[in-house]
Every structure is written in C-alpha cells, then in structure tokens.
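A short write-up of the structure that comes next.
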Amino acid sequence: MAKVREPFAFLKSLVALTLIILCLIAAQWQYQRGVDRHARNAIIEKHIALAPTSLDSVKDSPLAAEWQTVTTQGVFDSTKQILLKNRYSEGFYGFEVLTLFTTPNNERFWVDRGWVKAGAAATIAPTITPPPTTPVSITGRLRLDSSLPRGSFFALPADGSGLISKLDAQSQLDTQDYYIDLLSGSESSLTPAVPAQLPELSDGPHMAYALQWLFFGGLVIYGRILIRRTR
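When the letters of the sequence shown are read in order and numbered with the working numbering, they come out as residues 848 to 1078.
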C-alpha cells in the first residue's frame, strides 16, 4: 500500500521549526536573566559584607561601590523632604522618607531615612521624625541614582502641609548621582525604625523557566514526529 503524502508537510515543518527557534530564544533569554541576577546578588552580598568606608573614598565611582556601607558628615535640610509612594511594611501602607543632605564640601544628595506609616487619609501627612538641624555623622548603604524610584511623589514641606505630584528628586534639585539608605548616625534619632529593605537575593525562577522552554521545544519536535508518523 502506497504511503499517503502528508498535506502541507513543508508548511507544518516550517511552523514547527519556527516554534522550536522561539523556544530556544526564550530559554536563552531566561537563562541569561538568571545569570545576570546571580551575578547581581553576588555583588550585593560581597559589598554588604565589606567594612564601612568613607563616602569620599568611593563617591567618584559609586557604581563600583553600590551597597557598600559608607560614613559621611553634613546637615539635613528638612525643608527638602520627599515621601515615596506605594511602600508596604508588614502589611501596612506607607512611605519611604527622603531628606536632602549637604556635606561640608557642599555636595548634596538624598538620604532615605526609612519607612513611615501612612496617615489616616491620603491627604493627611504621616508622622515623621524630624532630622537634627545641627551637623551630624551618618552611616548608610551607598545606592545609585538609577535605583531611586521615579514618578509621582507625595512631597511635604517641613510643616507637613501641601501636596506636590510628579516631583523629580534629581532634576529639580541638582543632587549627586547617588543616594544613601540610612542605617544609623551620631544621634540615636537617626536610626530608622524601619530601614530601607534589601532586595530579594534569591536567583529567582529564571533557570527553571529556561528548562521549561527547552521542554516546550522538545514537545514541538515530538509532536511533529507523531504527526509525520500517522500519515
């Protein structure tokens, strides 16, 4: 008995080949994301473990020192304070408090003074511990400007009144291209009750997703073979 020719065999094989290529591309993409995330986590863990150093020694290359603990001196400007929206801690909605800081060399940058619980309503300012008005020493983790959240801010002057949206912390105030997550300071009031959180340092599901896409590619090959054999 003559074998029946498979209709549209070339088209079916072309579709299968396209799907296989897409699965391989997706697998490679997920694999690379996993590699990049693992490398990022390794850098963060390494820099967190380093001994504290002076901000002056690393400020010229903040990328190479991000997450390292640094110390510096200066004055907080409580009239330049920003509350970053959409922050949660232990199930409660609140804000990260950013306050402008100026060093004796007149370098200005933002200091994340930690999390505060939101007020009773969206238009009511939360309770914020004011920073010292005198020169202080602070210790915190160096962070890049690129990791500072962008978009809309709930911004309050010192008296707690007013609402300003879409305030860009960098372009409006011409600060340095880094900021600091505050850990402690020369005054006990500077230690945040809820400090800025570290990112999740797991490698995530990317490697599993990469294997999943390879499995899907294998299913396409298997399915094409089955269709071919049934003819």
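Virtual Cβ for every residue (Gly too), placed ideally from N, Cα, C.
Alpha carbons only, please: which of 975, 891, 946, 1074 is nearest the one belonging to residue 1047? The residue you call residue 1047 lines up with position 200 of the sequence shown. Among 975, 891, 946, 1074, the Cα nearest to that of residue 1047 is on 891.
- prompt: Can you tell me whether DSSP reads residue 943 as helix, strand or coil?
  reply: In the sequence shown, the residue the question calls residue 943 occupies position 96. DSSP places residue 943 within a strand segment (E or B) once states are collapsed to three.
- [ ] Select from 1025, 1056, 936, 1066 the residue whose C-alpha is nearest the C-alpha of residue 915.
- [x] Counting from 1 along the sequence shown, the entry for residue 915 is found at position 68. Here the closest residue by C-alpha is 1025.
On the three-state DSSP scale, how would you describe residue 855?
Here residue 855 corresponds to residue number 8 of the sequence shown, with the count starting at 1. Here residue 855 sits in coil by DSSP.
ask   = Assuming residue 924 contacts residue 987 under a Cβ cut-off of 8 Å, what Cβ separation, rounded to an integer in Å, is found between them?
value = As a working mapping, residue 924 is identified with position 77 in the sequence shown. As a working mapping, residue 987 is identified with position 140 in the sequence shown. Actually they do not touch by this definition, with Cβ atoms about 16 Å apart.
Below-8 Å beta-carbon distance, residue 936 vs any chain C residue: Although the question refers to chain C, the structure presented lacks it and comprises just one protein chain.
Using DSSP with H/G/I as helix, E/B as strand and the rest coil, what is residue 920?
Here residue 920 is taken as the residue at index 73 of the sequence shown, counted from 1. In this structure, residue 920 counts as strand in the three-state DSSP scheme.
Quick one: what's residue 963 bridged to in DSSP? Indexing the sequence shown from 1 puts residue 963 at position 116. Residue pairing by DSSP puts residue 963 in a beta bridge opposite 942.
For the beta strand (DSSP E) that residue 1027 lies in, which residues bound it at each end? Reading the sequence shown from its first residue, position 180 is the one you call residue 1027. Boundaries of the beta strand (DSSP E) harbouring residue 1027: 1025–1032, taken from the DSSP string.
* residue 910 lies in the alpha helix (DSSP H); which residues open and close that run? -> Looking up residue 910 in the sequence shown gives position 63. That run of the alpha helix (DSSP H) goes 909–912.
Margin query: Going by DSSP, what residue range makes up the beta strand (DSSP E) through residue 985?
Written below: Reading the sequence shown from its first residue, position 138 is the one you call residue 985. Boundaries of the beta strand (DSSP E) harbouring residue 985: 983–991, taken from the DSSP string.
Requested in this report: Over the uninterrupted alpha helix (DSSP H) stretch that includes residue 1059, give me the two end residues.
Outcome: Here the question's residue 1059 lines up with position 212 in the sequence shown. Element bounds for residue 1059: 1053–1076.
* What is the DSSP secondary structure of residue 1035, counted as helix, strand or coil? -> The count along the sequence shown starts at 1 and reaches residue 1035 at position 188. DSSP places residue 1035 in the helix class (H, G or I) of the three-state scheme.
**Request:** Just mark residue 930 as buried or exposed, buried being the case when its beta carbon has 16 or more other beta carbons within 10 Å.
**Result:** Counting from 1 along the sequence shown, the entry for residue 930 is found at position 83. Counting C-beta atoms within 10 angstroms of its own C-beta, residue 930 has 16 or more neighbours from the protein chains shown and is therefore classed as buried.
Practice prompt. Keeping to the same chain, check which residues put their C-beta closer than 7 Å to that of residue 1031; ignore five residues upstream and five downstream.
Written response: For the purposes of this step, residue 1031 is taken as the residue at position 184 of the sequence shown. Around residue 1031, the same chain offers 986, 1037, 1038 as residues with beta carbons nearer than 7 Å, after the five sequence neighbours per side are excluded.
* Asked: For residue 898, which residues from the same chain have a beta carbon less than 8 Å from its beta carbon, with the 5 sequence-adjacent residues on both sides left out?
  -> On the sequence shown, residue 898 is found 51 positions in, with the first residue counted as 1. The answer, listed in chain order, is 916.
Are residue 1067 and residue 867 touching if we call contact CB-CB under 8 Å? On the sequence shown, residue 1067 is found 220 positions in, with the first residue counted as 1. On the sequence shown, residue 867 is found 20 positions in, with the first residue counted as 1. Yes, the pair counts as a contact, with Cβ atoms nearer than the cut-off.
Give me whichever residues DSSP pairs with residue 901 in a beta bridge. Within the sequence shown, the letter at position 54 stands for residue 901. Beta-bridge pairing links residue 901 to 918.
(Q) Given this structure, state the Cα-to-Cα distance separating residue 959 from residue 878, to the nearest angstrom. (A) Counting from 1 along the sequence shown, the entry for residue 959 is found at position 112. Counting from 1 along the sequence shown, the entry for residue 878 is found at position 31. Going by C-alpha positions, residue 959 is about 34 Å away from residue 878.
query: When burial is assigned at 16 or more other CB atoms within 10 Å of the CB, is residue 974 buried or exposed?
result: Mapped onto the sequence shown, residue 974 falls at position 127. Exposed, since its Cβ has fewer than 16 Cβ neighbours within 10 Å.
**Q.** Residue closest to residue 1022, alpha-carbon to alpha-carbon, out of 864, 945, 939
**A.** By one-based count along the sequence shown, residue 1022 stands at place 175. For residue 1022, the nearest C-alpha among the options comes from 945.
So who's on the other strand from residue 876, going by DSSP bridges? Position 29 of the sequence shown, counting from 1, holds the residue named residue 876. Looking at the DSSP assignment, residue 876 forms no beta bridge with any residue, so it has no partner.
Spell out a yes or no on whether the segment 855–864 and the segment 879–886 are touching, meaning 3 or more CB-CB pairs, one atom from each, closer than 8 Å.
As far as the Cβ criterion goes, the segment 855–864 does not touch the segment 879–886, which means the pair count is below three.
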